[in-house]
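Q:
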Amino acid sequence: MGRILAIDYGRKRTGLAVTDPLRITAQPLTTIPTHTLPDWLADYFSREDVDEVVMGKPTQMSGEESESFQYIHAFQKAFQKRFPERRLVMFDERFTSVLAHRAMIDGGMRKKQRQDKAVVDKIAACIILEDYLEYLNSNVNN
0 MGRILAIDYG RKRTGLAVTD PLRITAQPLT TIPTHTLPDW LADYFSREDV
50 DEVVMGKPTQ MSGEESESFQ YIHAFQKAFQ KRFPERRLVM FDERFTSVLA
100 HRAMIDGGMR KKQRQDKAVV DKIAACIILE DYLEYLNSNV NN
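Residues in the sequence shown are numbered from 0 upward in steps of one, following our numbering.
1. Between the Cα of residue 25 and the Cα atoms of 52, 138, 38 and 87, which residue gives the shortest distance?
2. Which residues share a DSSP beta bridge with residue 26?
3. Helix, strand or coil: how does DSSP classify residue 90 here?
4. Would DSSP call residue 57 helix, strand or coil?
5. Buried or exposed for residue 41, going by 16 or more other Cβ atoms inside 10 Å?
6. Does any heavy atom of the ligand FAD sit closer than 7 angstroms to the C-beta of residue 14?
7. Going by DSSP in three states, residue 85 sits in which element: helix, strand or coil?
8. At which residues does the beta strand (DSSP E) containing residue 2 begin and terminate?
9. If you drop the 5 nearest sequence neighbours on each side, which residues of the same chain put their C-beta closer than 6 angstroms to that of residue 5?
10. Report the three-state DSSP secondary structure of residue 10 (helix, strand or coil).
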């Protein structure tokens with residue numbers, strides 16, 4: 000069983016997080032320019048055992064897809080074509096940026112550090128991954 004990688008996809012920047020090999024904990028990994036994401040993933044997959052990728056699916060409060068989903072959907076199709084052996088799961092990402100800011104405040108980060116959008120993006124990816132792990136564990140225990 001490989002790691003799970005989380006993607007918080009943005010038009011300019013993409014936050015990434017990953018589980019430990021046993022899929023117990025999630026850690027923020029990095030933030031990269033979105034246009035480099037496909038090649039970054041190919042390199043990462045060549046070095047690390049990753050068999051599942053969870054990607055934030057932006058939805059509105061009503062549950063409908065948000066306006067930004069069109070960009071994510073295009074990436075989703077390209078990902079599945081380039082990495083057919085990897086399972087790609089779309090997972091609700093509502094409030095992850097808000098939760099990332101809250102985690103940064105609770106963690107004692109200074110205001111200037113909290114304004115670094117790259118940090119917010121990788122923490123948001125970590126929150127997506129933590130929520131996904133919680134979802135998996137709740138379904139195993141039921």
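All residues carry an ideal CB built from backbone N, CA and C; glycine is no exception. Just so we're clear, the structure is a prediction, and the values are computed from it rather than from any experiment.
A: A quick look at the data gives this:
1. Position 26 of the sequence shown, counting from 1, holds the residue named residue 25. Ranking the options by Cα distance to residue 25, first place goes to 52.
2. Sequence index remark: in the sequence shown, residue 26 carries index 27 (1-based). Beta-bridge pairing links residue 26 to 17.
3. For the purposes of this step, residue 90 is identified with residue 91 of the sequence shown, where counting begins at 1. Looking at residue 90 - three-state DSSP - the assignment turns out to be strand.
4. Counted from its first residue, the sequence shown places residue 57 at position 58. Judged by DSSP in its simplified three-state form, residue 57 adopts coil rather than helix or strand.
5. By 1-based counting over the sequence shown, the position of residue 41 is 42. Residue 41 sits exposed, since fewer than 16 C-beta atoms from the chains shown fall within 10 Å of its C-beta.
6. Of the ligands one can find in the structure shown there are none, so the ligand FAD has no counterpart to examine.
7. Here residue 85 is taken as the residue at index 86 of the sequence shown, counted from 1. The three-state reading of DSSP puts residue 85 in coil, since its state is none of H, G, I, E or B.
8. As a first step, residue 2 must be located in the sequence shown, where it is residue number 3. Following the DSSP letters along the chain, one finds residue 2 inside the beta strand (DSSP E) bounded by residues 2–7.
9. The residue you call residue 5 lines up with position 6 of the sequence shown. Taken in chain order, the residues that qualify are 16, 53, 124, 127 and 128.
10. As a working note, residue 10 is residue 11 in the sequence shown. In the structure shown, residue 10 sits in coil (DSSP, three-state: anything other than H, G, I, E or B).
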